[in-house]
Amino acid sequence: MAPVKNGRVVFKEYPGKAFVVPGKTVVYDESETIDVDTVPLDGGVLLKMLYLSIDPYLRRLMLPTEERKAHSGVPPVRIANWAVGVVVRSEDPSHNAGDHVLGLLPLRHYSVVKNTAALMKLENKEGIPWSAYLGVCGMPGKTAYCAWKEFAKPKPGDTVFVSAASGAVGAVVVQLAKADGCRVIASAGTHEKVAYVASLGADVAFNYKLVPTMKVLQREGPINIYWDNVGGETLEAALEQAATHARVIVCGSISTYNTAEPYNVKNLQLLLWKEIHMYGFLVGTLEPKYQEAFYREMPAKYAKGEVKYKEHFVRGLEKGPEAIVEVHEGKNFGKSVLVVAEE
Ligand code: NDP
33 MAPVKNGRVV FKEYPGKAFV VPGKTVVYDE SETIDVDTVP LDGGVLLKML YLSIDPYLRR
93 LMLPTEERKA HSGVPPVRIA NWAVGVVVRS EDPSHNAGDH VLGLLPLRHY SVVKNTAALM
153 KLENKEGIPW SAYLGVCGMP GKTAYCAWKE FAKPKPGDTV FVSAASGAVG AVVVQLAKAD
213 GCRVIASAGT HEKVAYVASL GADVAFNYKL VPTMKVLQRE GPINIYWDNV GGETLEAALE
273 QAATHARVIV CGSISTYNTA EPYNVKNLQL LLWKEIHMYG FLVGTLEPKY QEAFYREMPA
333 KYAKGEVKYK EHFVRGLEKG PEAIVEVHEG KNFGKSVLVV AEE
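For the sequence shown, the numbering used here gives the first residue as 33, with consecutive numbering after it.
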């Protein structure tokens, strides 16, 4: 077969402290080609990308290296993300053509992977859609599962507040909290998202763009657990309305990822007076402890309909740059998945 274009999504320019600009800071590039029949594998595999996860943290990978190093353990410049691919050719006896694998893969159509130990072969005995391994049965689901188990310490009847509750992480947290007998307050940014989180079991669901979070929490609190996906003023409101001995799980801070200045939370003193425990975490740290239980439970529960999951598909790798900014603008409704190719 003649070489074909091997399109890729490239972080081209540091976006500064503002939203990514598709076509400028992140671009789709078709300058490279690949001959899928002859490209050398050096003992590895040739993968064709099927589904690529679009996660808010991709924005973080665009920070300058020193800043990224200072703030977390994310390795420098990695233009790759969680993806499901199918093996096209293999020189590794543990992988056969047609196998589906999950890995941190470059944002491109075809990739040669030499370090096949970094790939997870998906047996998928439950027969769930492959894309679910990027969401409810992938990194975001694992984020919710691991940190809820590690930090929430729920008691039946506890009041839990979840922000960005309709998203990939938030929707799983709502369901875990309900399964543990908690009363759930959930916020989201559109009428449809609010209706969706209510359908997941949230007892109180509201649109934070229409009703101030502080007002809702004043009425429905005090809260025993706050799952923070957004940071900023929402975190401040949650601390204000927290109960004594509340647990605050700091998962994300999306309201501050694209702003010129960091948001300085003004009431941290409440951690002292209310003896609040606040936990920041990165999923990769908790993963080894919970990985086995997660894959034993979550795909089976999803297959049986015991855990609900919604996906937001964007079709075509060339739409990658737009998809990356859309999760920061709230345009995704459910887990954002870039469909690169369909089988
Ligand atoms: P989502 O699927 O929830 O998508 C992001 C959503 O955030 C948007 O749809 C939007 O929903 C909401 N949002 C955007 N801007 C704001 C804002 N200014 N204020 C309030 N909400 C906003 O993403 P994920 O579920 O993948 O991620 C959720 C959070 O978890 C993120 O902060 C992410 O960085 C974090 N995360 C952390 C991990 C860890 O290891 N600690 C791992 C994975 C994710 P809406 O319309 O409701 O505003």
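Note that CB positions come from ideal geometry on N, CA and C, so glycine has one too.
Check your understanding: Cβ of S24 versus every heavy atom of the ligand NDP: is any distance shorter than 7 Å?
Key -> Lying outside 33 to 375, the shown extent of the chain, residue 24 is not represented and no answer is given.
Review point. Given that a residue counts as buried once 16 or more other Cβ atoms are within 10 Å of its Cβ, and exposed if not, what is P72?
Key: exposed
Practice item. Locate the beta strand (DSSP E) running through W114, then write down its first and last residues. Key: A112 to S122
Check your understanding: Shortest alpha-carbon distance to V201 belongs to which of Q250, E354 and V229?
Key -> V229
Practice item. Would you be able to state if there are at least three C-beta pairs under 8 Å between the region 145 to 157 and the region 304 to 315? Key: no
Practice item. With DSSP as the reference, label A355 as helix, strand or coil. Key: helix
Exercise for review: Determine contact between the region 285 to 304 and the region 153 to 161, defined as no fewer than three beta-carbon pairs at a distance below 8 Å.
Suggested key: no
Exercise for review: In angstroms with no decimal places, state the Cα-to-Cα distance between H141 and G130.
Suggested key: The straight-line gap from Cα to Cα measures roughly 16 Å.
Exercise for review: Report the rounded CA-to-CA distance for Y322 versus M33, giving the unit in angstroms.
Suggested key: 44 Å
Review point. Pairing CB atoms from the region 164 to 176 with CB atoms from the region 334 to 347, are three or more of them under 8 Å?
Key: yes
Practice item. Quick one: grab the DSSP three-state call for Y142. Key: strand
Practice item. Starting from H344, follow the beta strand (DSSP E) in both directions and report where the run begins and ends. Key: E343 to R347
Review point. Opposite D61 in the DSSP bridges: which residues?
Key: Bridge partners of D61 according to DSSP: R40.
**Study point:** Heavy atom of the ligand NDP within 7 Å of H360 beta-carbon
**Key:** yes
**Study point:** The beta strand (DSSP E) enclosing R215, as first and last residue numbers
**Key:** R215 to A220
Review point. If we ignore side chains and look at the alpha-carbon of each, how far apart do A112 and K174 end up?
Key: One Cα belongs to A112, the other to K174, and the distance between them is close to 19 Å.
Review point. From E268 to N256, what distance separates their C-alpha atoms?
Key: Going by the C-alpha atoms only, they are around 15 Å apart.
**Study point:** Contacts around L370, its chain only, beta-carbon distance under 6 Å, and the 5 residues preceding and following it disregarded
**Key:** L84, I86, V346, G352 and A355
Point to revise | Proximity test, G221 beta-carbon vs the ligand NDP heavy atom, cut-off 7 Å | key: yes
Review point. Under three-state DSSP, which class holds P108?
Key: Unreliable placement is indicated for P108, whose pLDDT of 38 sits below 50; the coordinate value is still reported in the next sentence. Correct three-state label for P108: coil.
Check your understanding: For G348, is the beta carbon positioned less than 7 Å from some heavy atom of the ligand NDP?
Key -> no
Review point. Would G376 be called buried (16 or more neighbouring beta carbons within 10 Å of its own) or exposed?
Key: Because residue 376 is not part of the residues shown, which for the chain are 33 to 375, the question remains open.
**Study point:** Close-in-space but distant-in-sequence residues of the same chain around P294 (CB under 7 Å, 5 per side omitted)
**Key:** T288
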